[in-house]
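J.: Once you've had a glance at the structure underneath, I'll fire off some questions.
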Amino acid sequence: MQLFPTVFVNGKFCKDPMLAKADDFFLRGLNVPGNTSNQVGSMVTPANVVQIPGLNTLGISLVRIDYAPYGLNAPHTHPRATEILQVVKGSLYVGFVTSNPENRLITKVLYEGDAFVFPVGLIHFQFNIGKYPAVAFAALSSQNPGVITIANAVFGSNPPISDDVLAKAFQVDKKFVDRLQAQFWMDTN
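Per the UniProt record's numbering, the very first residue in the sequence shown carries number 1; after that it's consecutive.
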């Protein structure tokens, strides 16, 4: 006989509410800049259900994104969340691409205090257009939004996607695909 059944939501254990404590709903450190010394010049610091267990089932999370001068939060998507991003320091060129068949690029330059919405599942990016560091915070409509960085997923998958498939899809030479697949694909999310 099981006295305490285990319940999971989105793959996370639901804690007995009687055992909840303040630290389950708390995260320290979002004031600390992320290390942007990498190939793309950005770092995402998450505050989701992994860092804050009390977010489980609440449908919300947060990230801090730090950008080096001309740093990029590479094109990516969140399969389970819409995102609203606010710039708190610097200026960012941001955008998303609508779905097939239009694949329309929607972009805007954001300055301190500006906000922009990225609809659920659409490919989007942010690029620091300034010569100084930038910082943004984003709220996401899921406690576990997920992230798929496009270049990493396509060229850095494990095992690799066949170079025949990628060469045909991107209409490029297989040697070019092989070169891209041989690169180290950093995940800053």
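No residue lacks a Cβ here, since even glycine has one placed at the ideal position from N, Cα and C. Because the structure is a prediction, the values reported are computed rather than measured.
(1) Taking the Cβ atom as the reference point for each residue, do Ile150 and His76 lie within a distance shorter than 8 Å?
(2) Checking the sheet assignment: what are the DSSP bridge partners for Asn128?
(3) Please look up how many angstroms separate the CB atoms of Val117 and Arg64, rounded, as I've assumed it's under 8 Å.
(4) Considering Cα atoms alone, identify which of Asp164, Asp24, Pro119 and Ser157 is closest to Met186.
(5) What is the DSSP secondary structure of Leu58, counted as helix, strand or coil?
(6) May I have the straight-line CA-CA distance separating Phe170 from Thr45, to the nearest angstrom?
(7) In terms of residue numbering, what span does the alpha helix (DSSP H) encompassing Phe176 cover?
(8) Whole angstroms is fine: what's the gap from Asp178's alpha carbon to Tyr70's?
(9) Considering only the beta carbon of each residue, do Ala74 and Val109 sit closer than 8 Å?
(10) Apart from the five residues just before and just after Gly59, which ones in its own chain have a Cβ nearer than 8 Å to its Cβ?
(11) Does the segment 120–128 come close enough to the segment 87–94 that 3 or more CB-CB pairs lie under 8 Å?
(12) The alpha helix (DSSP H) spanning Asn152 covers which residue range?
(13) Taking DSSP's pairing of strands, which residues face Ser42 in a bridge?
T.: Looking at the coordinates:
(1) yes
(2) Leu92
(3) So it is not a contact: roughly 18 Å between Cβ atoms.
(4) Ser157
(5) coil
(6) 32 Å
(7) Annotation: the continuous alpha helix (DSSP H) that includes Phe176 extends over Lys174 to Ala182.
(8) 28 Å
(9) no
(10) The beta carbon of Gly59 is closer than 8 Å to those of Ser141, Ser142 and Gln143 in its chain, skipping five residues each way along the sequence.
(11) yes
(12) Ile150 to Phe155
(13) Tyr67, per the DSSP bridge assignment.
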